[in-house]
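Report on the structure given below.
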Amino acid sequence: MKIKTLFLIFSAFIAFSCDSISKTTTEESEECIKIETAYVSEVTGELEIEAGSTLDLTVSFPVMSGCGRFNEFKESVSGKTITIEVEAIYEGCICTMDIPIRTTTYAFKPSEKGDYTLKFKSSDSDYIEKTITVN
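Here the sequence shown stands for residues -17 to -1, 1 to 118, where the numbers follow mature numbering (1 follows the signal peptide of the UniProt record, and there is no 0).
What follows is the structure, encoded as C-alpha cells:
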C-alpha cells in the first residue's frame, strides 16, 4: 500500500511539474535580445566614385559576445557630411564570452558631384573619417 501511495504522489509530482507551455512566448524571447551601438574599428574601400554609382565600404566592428551581429546603420546627414553608427543586435541567452570582429558593407550612392565626408563612430566622442570624391 505504501508503494502505491508513493508511486501516486511521485506521478502527480511529475505530471504537475512539467510545463506544457512553449518557452518561446514573446516575453521570454525578448529577454534574450539586446540592441546596442557597436564602435567601428576599421573602414576600407575606394575613396573615389562616379556620381550615381554605388561605392561599397567594408566596415569592421567588435561585438561583446558570440551572439552579436550587425543589425543596421544609423545615419544622420548634414550637407555633404554623413555620420554613421553601427547598431549591433545580440540574440540568445547563452553566448560565447569572446569579442569577435564582425564586418559588413556600407553602400554609399551619391547623386551629386563633390567631396563627401563619412564619419563612422569609433567611440563616444571619436570618429573614423573617410573623404569620398564624387566625379
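Backbone N, C-alpha and C fix where the C-beta goes; we use that ideal spot for every residue, glycine too. Everything numeric in this text was worked out from a predicted model, so none of it was measured.
Among the options, which residue has its Cα nearest to the Cα of residue i?
i, options, result
"Cys78", "Lys57, Val117, Gly97, Gly51", "Gly51"
"Glu95", "Thr88, Tyr22, Lys102, Gly62", "Gly62"
"Asn118", "Gly97, Asp107, Thr87, Glu112", "Gly97"
Cutting at 6 Å between CB atoms, please list the residues of its own chain near residue i, excluding the five before and the five after it.
i, result
"Ile16", "Glu74"
"Phe91", "Leu38"
"Thr87", "Val42, Phe53"
How close, in whole Å, do the beta carbons of residue i and residue j come, if the pair is a contact with beta carbons under 8 Å?
i, j, result
"Phe44", "Arg85", "6 Å"
By the 10 Å Cβ neighbour count, where 16 or more other Cβ atoms means buried, how is residue i classified, buried or exposed?
i, result
"Val60", "exposed"
"Pro93", "buried"
"Ile4", "Low local confidence applies: a pLDDT of 48 at Ile4 is under 50, so the model's placement there is unreliable, with the coordinate-based value given in what follows. Result: exposed."
"Ala21", "buried"
"Ile67", "buried"
Considering only their Cβ atoms, is the gap separating residue j from residue i smaller than 7 Å?
i, j, result
"residue 136", "Leu38", "This structure gives no information on residue 136, because the portion of the chain shown stretches from -17 to 118."
"Asp89", "Lys102", "In the sequence as displayed, the identity of residue 89 is Tyr instead of Asp. Cβ atoms of Tyr89 and Lys102: not closer than 7 Å."
"Ala34", "Asn54", "no"
"Thr64", "Thr100", "yes"
"Ser105", "Val23", "yes"
"Glu58", "Thr116", "no"
Leaving out five residues before and five after residue i in sequence, what residues of the same chain have Cβ atoms less than 8 Å from its Cβ?
i, result
"Cys76", "Glu14, Cys15"
"Met80", "Ser48, Gly49"
"Pro83", "Pro45, Val46, Gly49, Gly51"
"Ile18", "Asn54, Glu70, Ala71, Ile72, Tyr73"
"Ser36", "Lys92"
Apart from the five residues on each side of it in sequence, which residues of its chain come closer than 7 Å, Cβ to Cβ, to residue i?
i, result
"Gly28", "Leu38, Asp39, Leu40, Thr41"
"Ser108", "none"
How about residue i: is its Cβ closer than 6 Å to a heavy atom in the ligand ATP?
i, result
"Pro83", "By its list of ligands, the structure shown contains no ligand whatsoever, and the ligand ATP lies outside what it can speak to."
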